[in-house]
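Data block below; observations after.
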Amino acid sequence: MIQVPNICPFKKDILEDVEQHKQFNEQERLRKKELLKQHRMGALAGDALKGQTIESIAADADRRGQEYDPAKAEAAAAKEEEEYLNFGKGKEGSLKAYFKEFKKVIDAADVILEVVDARDPLGTRCAEVAQIVREAPGQKRLVVILNKAVLVPRENLEK
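Okay, so the sequence shown: first residue is 0 according to numbering that gives the first Met the number 0, each after it adds one.
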């Protein structure tokens, strides 16, 4: 139910628009209901094949069968298998590039922030990061930030 204040200058027009919209939605709902009913009764199922004979359907199936090339299908399957087996081969190069950038950041920074999850701090903390920071030249500081601390009981956090 829509309520429009009396002081609204176009109250009558707004209410008429709402009523038209309701009527349109009701007509659409009834049309869809009737269409679904016809579809269930099979009236639309026969329309798709109307005008086609069994011979024309068989000829169409033969034509599509001749277009299918088993050699192309095998080549596509072999290509997919090769892509699957080669997945991750370029990973070593990207890890080296990442480590190189990581070293640049460590060398340039005075303070390094390591964010660990409070639900599993040992599982999310990286010992290699701490070791690299300790071995880095200069006065580097490693600050460990405990994230999502509100999800863990206070007694566990104090440990």
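Think of the CB as a built atom: it goes at the ideal place given N, C-alpha and C, for glycine as much as any other residue. Since we're looking at a predicted model, the values are computed, not measured.
Per the coordinates, the alpha-carbon of H38 lies some 27 Å from the alpha-carbon of H20. Measuring C-alpha to C-alpha distances from E127 to each of N146, A107, K102 and R118 identifies K102 as the nearest. Annotated as distal: V115 and L141, with beta-carbon spacing of 8 Å or more. At the C-beta level, V149 and E113 stay beyond 8 Å of one another. Following the DSSP letters along the chain, one finds R28 inside the alpha helix (DSSP H) bounded by residues K10 to M40. K10 sits close to V3, with the two beta carbons spaced by under 8 Å. From the listed residues R118, K36, Q138 and E81, the smallest Cα separation to D106 is found for Q138. D109 sits in coil when the DSSP states are folded into three classes, being neither helix nor strand. Non-local beta-carbon contacts of R124 in its own chain, meaning distances under 8 Å to residues more than five positions away in sequence, involve E113, V115 and V143 in chain order. Sorting A129, R118 and E82 by C-alpha distance to the C-alpha of P152 places R118 at the top. Between the alpha carbons of P69 and R62 lies a gap of roughly 15 Å.
Annotation: K71 to A57 spans about 24 Å, alpha carbon to alpha carbon. Cβ contact annotation for A129 (same chain, cutoff 7 Å, sequence separation greater than five): L141, in chain order. Spanning the alpha carbons of I1 and I13 requires a straight line of approximately 10 Å.
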